[in-house]
Amino acid sequence: MIDRLIDFLNDSPVNFLAVDTVARRLEENGYTRFCAKDSLTDVKAGQKFYVTKNDSSIYAFHIGKKPLAESGIHVVCAHCDSPTFRIKPNAEMICEGSVVKLNTELYGGAIMSTWFDRPLSLAGRVIVKTDDVMHPQTRLLHIKRPLLVIPNLAIHFNRQVNEGVSLSKQKDMLPVLGVINDALEMDNALMNVIAKELSVTVEDIIDFDLYLYDTTPACLVGLHNEFISSGRLDDLSMVHAGLEALLTDSDTPDTTKVLAVFDNEETGSQTKQGAGSPFFASMIQRLVIAQGGSLDDYFKVVERSFMVSADNAHAAHPNHMEKMDPTNHPVMGGGPVIKFNASQKYASDAVSAAVFANICEKAGVPCQKFVNHSDVAGGSTLGNILTSSFPVNGVDMGNPIWAMHSIRETGNVLDHVYCIKAFAEFYRQ
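Positions 0 to 428 (numbering that gives the first Met the number 0) are the ones given, in order, by the sequence shown.
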């Protein structure tokens with residue numbers, strides 16, 4: 000199980016590759032791809048399919064024995080994006096000594112200092128010309144070899160570096176691609192790399208969505224291999240837990256099972272592929288109609304459904320316990336964490352938290368609670384954003400991790416096993 004998580008993390012350096020990896024796993028387990036522009040008709044119990052949006056969000060459905068209007072849906076939500084750096088157009092910048100660096104833009108709230116001196120590479124999607132100007136081809140790109148580095152400034156030039164230094168996203172965080180040896184490489188170094196990797200010509204490439212990622216593989220660490228160290232645990236570990244749980248039981252459930260993996264959570268979710276989009280709600284409406292239901296039946300689905308919004312939580316940091324709430328500080332290996340916030344940044348309330356706690360108890364899984372220290376501002380997540388268009392009862396939860404938004408985060412192996420068990424039990428209800 001943990002080996003599969005490690006493989007998933009290594010195969011999913013960016014959102015597009017994560018969605019592709021999830022889709023392949025679904026197809027291996029009998030799910031078929033549905034195209035959202037086609038008609039959705041005659042949906043039957045036992046049917047398994049998935050749909051994507053923008054190649055960067057994915058929604059899987061296992062239709063239950065009972066009509067949606069009668070039982071609602073059980074949905075686990077997570078997100079596939081993580082803080083990184085996006086490659087800007089016209090990215091090459093030639094420096095002294097023919098060194099070429101790339102112009103980038105920060106995506107999300109990264110701990111930027113952790114990106115220094117790492118073996119980095121590129122992943123994402125590339126748009127290639129076809130004969131149809133309205134429908135160019137999308138090619139996924141995953142350059143697996145170390146290709147770039149963001150060099151730190153030596154301490155001799157920055158004596159205050161260990162006392163805290165403000166970093167410029169435009170000056171300090173630009174990755175070095177290499178040294179130009181040939182005049183023909185000038186202004187085309189990056190495009191030549193992309194074209195060679197995809198076996199296309201530079202002239203065929205129209206545009207791209209490419210991001211940096213750390214090529215260092217995920218691994219187990221700790222005295223008993225109890226920790227997992229990897230980039231993008233937030234939130235790919237929750238995506239993987241939801242996927243494993245969805246595929247645990249192949250029998251048709253009474254209640255329809257849904258896994259919703261959104262994009263752009265790290266930048267607010269307000270995109271067509273994000274949790275703020277009406278796309279998810281429209282898919283549920285289409286399912287209701289395909290089962291012969293009405294608009295009133297759709298509203299019944301909303302009221303009879305339950306959502307688990309799965310986004311990682313903060314584990315108590317051994318060196319900074321003062322940052323935690325005095326009485327609620329989740330620990331590594333203590334099980335999934337239910338998240339609360341008085342300002343309603345999380346969807347959890349007493350009712351939904353009790354439901355999830357009951358599910359954990361039935362699954363034989365411990366659970367914990369997280370509340371922010373009252374003097375420390377917290378983040379937000381998917382739950383309340385999704386419920387603005389699909390006002391379902393639900394809980395915000397996640398596994399405890401250290402160093403959230405670092406280039407490498409640390410989680411607990413046992414917590415991942417616990418989470419899969421809890422999700423699988425939720426899907427059985």
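All C-beta atoms in this analysis are idealised placements derived from N, C-alpha and C, irrespective of residue type, glycine included.
Distance, Cα to Cα, G332 vs D80? Whole-angstrom Cα-Cα distance: 25 Å.
Per DSSP, which one or two residues make a beta bridge with V307? In the DSSP output, where bridge partners are listed per residue, V307 has V75, V394.
Pairwise C-alpha distance: P329 and A349: Each residue's Cα considered, the two are about 18 Å apart.
What's the gap between the Cα of L189 and the Cα of V201? So the alpha carbons of these two residues sit roughly 10 Å apart.
Just the Cα atoms here: how many angstroms apart are L258 and V75? One C-alpha to the other measures close to 5 Å.
At least three beta-carbon pairs within less than 8 Å, the region 276-289 to the region 337-349: No contact exists between the region 276-289 and the region 337-349.
What residues are listed by DSSP as bridge partners for D213? Beta-bridge pairing links D213 to L119.
Within the continuous alpha helix (DSSP H) that includes I57, where are the two ends? Going by DSSP, I57 is part of no alpha helix (DSSP H) but of the beta strand (DSSP E) stretching over 56-61.
Would you mind giving the Cβ-Cβ distance between S236 and N398, rounded to the nearest angstrom? I have them listed as a contact below 8 Å. With a Cβ gap of about 6 Å, S236 and N398 count as contacting.
How big is the Cα-Cα spacing for G71 and H141? Rounded to whole angstroms, G71 to H141 spans 39 Å at the Cα level.
If you draw a straight line from the alpha carbon of T50 to that of S379, how long is it in whole angstroms? For the sequence presented, residue 50 should be read as Val rather than Thr. Taken atom to atom, the span from the alpha-carbon of V50 to that of S379 is near 26 Å.
Express the C-alpha separation of I93 and N357 in angstroms, rounding to a whole number. Between the C-alpha atoms of N357 and I93 there is a straight-line separation of about 59 Å.
Reducing DSSP to helix, strand and coil, say where R32 ends up. Here R32 sits in strand by DSSP.
Residues sharing a beta bridge with M92, DSSP: BP columns for M92 point to K100.
Let's see if you can read the secondary structure: which residues bound the beta strand (DSSP E) around H141? Residues 136-141.
Just to confirm, is the Cβ distance from E265 to G163 under 8 Å? Not in contact: E265 and G163 (Cβ atoms no closer than 8 Å).
Simplified DSSP state of A312, which is helix, strand or coil: DSSP places A312 in the strand class (E or B) of the three-state scheme.
Is any non-hydrogen atom of the ligand SAH found closer than 7 Å to the C-beta of F279, if you look at the structure I gave you? Within the structure as shown, the ligand SAH is missing, as the structure has no ligands at all.
Cβ contact (3+ pairs, closer than 8 Å) linking the region 113-127 and the region 206-217: In the pairwise beta carbon analysis, the region 113-127 is classified as touching the region 206-217: at least three pairs are separated by under 8 Å.
If you follow the beta strand (DSSP E) that T409 is part of, which residue opens it and which one closes it? Counting along the chain, T409 sits inside the beta strand (DSSP E) bounded by residues 408-411.
I'd like the list of long-range same chain contacts for K368, defined as Cβ closer than 6 Å, with 5 residues on each side in sequence excluded. Sequence-distant partners of K368 (beyond 5 residues in either direction) whose C-beta falls short of 6 Å from its own C-beta, in its chain, are N327, I337.
Using beta-carbon positions only, say whether F15 and D54 come within less than 8 Å of one another. With respect to D54, F15 sits close: the two C-beta atoms are nearer than 8 Å.
Three-way DSSP call (helix, strand, coil) for M190 in this model: It is helical.
Range covered by the beta strand (DSSP E) that runs through F369: First-last of the beta strand (DSSP E) with F369: 367-370.
Would you identify the three-state DSSP class for L294, choosing helix, strand or coil? L294: helix per DSSP, three-state reduction.
Cβ pair count under 8 Å reaching 3, the region 385-401 against the region 299-314: A contact is defined here as three or more CB-CB pairs under 8 Å, and the region 385-401 meets this definition with respect to the region 299-314.
Which of helix, strand or coil DSSP assigns to F84: Per DSSP, reduced to three states, the secondary structure at F84 is strand.
How many angstroms separate the CA atom of V42 from the CA atom of D203? V42 and D203: Cα-Cα distance of roughly 40 Å.
Would H61 pass as a contact of T255 if the rule is Cβ separation under 8 Å? Between H61 and T255, the gap from beta carbon to beta carbon is short of 8 Å.
Inspect the beta-carbon positions of H78 and D234 and report whether they are closer than 8 Å. When the beta-carbon positions are compared, H78 and D234 come within less than 8 Å of each other.
Provide the residue span of the beta strand (DSSP E) that contains S229, from first to last. Start and end: 226-229.
Are the beta-carbon atoms of R24 and L232 separated by less than 8 Å? It is not a contact, given that the beta carbons lie outside the stated cut-off.
Name, in chain order, the residues that DSSP records as bridge partners for G177. Bridge partners of G177: V99.
What residue from F156, D206, H155 has the CA that sits closest to P135's CA? The shortest Cα separation from P135 among F156, D206, H155 belongs to D206.
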